[in-house]
Amino acid sequence: MANFDQELDARGLNCPLPILRAKKSINELNAGQVLHVLATDPGSVKDFEAFCKQTGNALLASGESEGTFTFDIRKA
Amino acid sequence: MTKRLKAAERRASILAVAKVLFADKGYHGVSVDDIATRLGVSPAVLYQHFPSKEALYGAVLNTISEIRESYVEAVLAGPLDFAGVLRRMLRVFIESVARDPDYLRMEMLSVLEGASAAKQFFENRWRSFTDYIEVSLKELSAEGRVSPVNPKTASLMFQGMIREALYEKCIVKSDRYRETDLDALVQQLIDLFLRAIAYQSDKR
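Protein chains in written order, with the working numbering: chain A, 1 to 76; chain B, 77 to 280.
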């Protein structure tokens, strides 16, 4: 089973849209819940690192498979 | 350690000189010999750091790629409404361009020269705005919060007016717009843009 509470499909979107959508999605979560993000923009790796650093949310895991980047972010 | 530092300093000085020359004469108007002569070194020294002129040009462009991180900060710095995010992103962008207008010159020259790597780079630079506007306008249109507009045309309008403002204020510097500073000019243009698409900030 998937180990997250909500999924955000940001594939095909470029900076800053994945970040913007992630911020909106996380606003709807409770503290401790996990958002799973899918993205195709290669810059999203740095963007989500910066996002987590600036928001205080935890980047639990990130990965890449066949051009799709994934990020698991736990709401602080 | 000292040798490494010197190499880093040398690389930085090559990039700085190359940027000024590329901004002045374009990619095709500058040779590796020209850059080496300006630096007072042999071309072999340049090739120790960059395998080709193309690689050097790419490295010059990449020195401004850190602007993306600032967009993340801009997005997070306030309310997430369309106009607010657009204004904050644009402030980051125009500050970056105003700080170093050489990149604007490189963009103009790359369009004229048709240098594909540079063209792609600058297209990507604008893409944060054009994609954001296109995707947002589709959503706002579905909510009835903008007038029916072609999102691609609207994003082209936005890019055109902002680029012209930057060109006017950072390169041409004519008397006509002297009394208006760049930030004020850009804010007025965003206001015009939002009015043109009949943007409604509040949900009905």
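Just so it is clear, CB atoms sit at the ideal spot from N, CA and C, and this is done for glycine as well.
Predicted model only: the values in this text are computed from it and were never measured.
Taking the DSSP output, what are the residues bridged to residue i?
i                : result
Arg74 (chain A)  : A:Val34 and A:Ala58
Gly134 (chain B) : For Gly134 (chain B), which the question treats as bridged, DSSP gives no partner whatsoever.
Asp9 (chain A)   : A:Leu38
Ser186 (chain B) : In DSSP, Ser186 (chain B) forms no bridge with anything.
Phe69 (chain A)  : A:Ala39 and A:Glu64
Is residue i near residue j, with beta carbons less than 7 Å apart?
i                : j                : result
Ile209 (chain B) : Tyr179 (chain B) : no
Ala174 (chain B) : Cys246 (chain B) : yes
Ala94 (chain B)  : Val136 (chain B) : yes
Phe71 (chain A)  : Val34 (chain A)  : no
Leu270 (chain B) : Ala159 (chain B) : yes
Val222 (chain B) : Tyr147 (chain B) : no
Ala84 (chain B)  : Arg181 (chain B) : no
Val211 (chain B) : Leu59 (chain A)  : no
Arg21 (chain A)  : Ala10 (chain A)  : yes
Leu185 (chain B) : Gly102 (chain B) : yes
Pro224 (chain B) : Lys214 (chain B) : no
Leu115 (chain B) : Val106 (chain B) : no
Asp110 (chain B) : Pro119 (chain B) : no
Gly12 (chain A)  : Thr40 (chain A)  : yes
Measure how close the beta-carbons of residue i and residue j come, nearest whole angstrom, since I'm counting them as under 8 Å.
i                : j                : result
Ser277 (chain B) : Asp157 (chain B) : 6 Å
Lys46 (chain A)  : Val151 (chain B) : That pair is no contact at about 14 Å.
Arg203 (chain B) : Asn14 (chain A)  : 6 Å
Q) According to a CB-to-CB cut-off of less than 8 Å, which residues of the region 24-45 of chain A neighbour chain B? A) The residues in question are Lys24 and Gly43.
Q: Name, going along the chain, the residues of the region 189-209 of chain B whose beta-carbon falls closer than 7 Å to a beta-carbon of chain A.
A: The residues in question are Arg203, Ser204, Asp207 and Tyr208.
**Q.** Interface residues of the region 42-70 of chain A facing chain B [CB-CB below 7 Å]
**A.** Gly43, Lys46, Asp47, Ala50, Phe51, Gln54 and Thr55: these are the residues of the region 42-70 of chain A whose beta carbon lies less than 7 Å from some beta carbon of chain B, given in chain order.
Q) Is the region 164-172 of chain B touching the region 209-223 of chain B in the sense that three or more CB pairs, one from each, lie closer than 8 Å? A) Taking a contact to require three or more Cβ pairs closer than 8 Å, the region 209-223 of chain B and the region 164-172 of chain B do not qualify as touching.
Q.
Residues of the region 145-157 of chain B in Cβ contact with chain A at a cutoff of 7 Å, in chain order, please.
A. Shown in chain order are the members of the region 145-157 of chain B whose Cβ falls below 7 Å from a Cβ of chain A: Glu145, Tyr147, Val148, Glu149, Val151, Leu152 and Leu156.
Q. Going along the region 157-172 of chain B in order, which residues come within less than 7 Å of chain A, judged by CB to CB distance?
A. Val161 and Met165
Q. Looking at C-beta atoms only, is the number of pairs between the region 119-130 of chain B and the region 237-252 of chain B that lie closer than 8 Å three or more?
A. no
Q: May I ask you to verify whether the region 184-203 of chain B touches the region 251-258 of chain B, counting CB pairs closer than 8 Å and requiring at least 3?
A: When Cβ pairs closer than 8 Å are counted between the two stretches, the region 184-203 of chain B is seen not to touch the region 251-258 of chain B, the count staying below three.
Q. If you measure beta-carbon to beta-carbon, which residues of the region 5-25 of chain A are closer than 8 Å to chain B?
A. Leu13, Asn14, Cys15, Pro16, Leu17, Ile19, Leu20, Lys23 and Lys24
Q. If contact means a Cβ-Cβ distance below 7 Å, which residues of the region 210-244 of chain B contact chain A?
A. Val211
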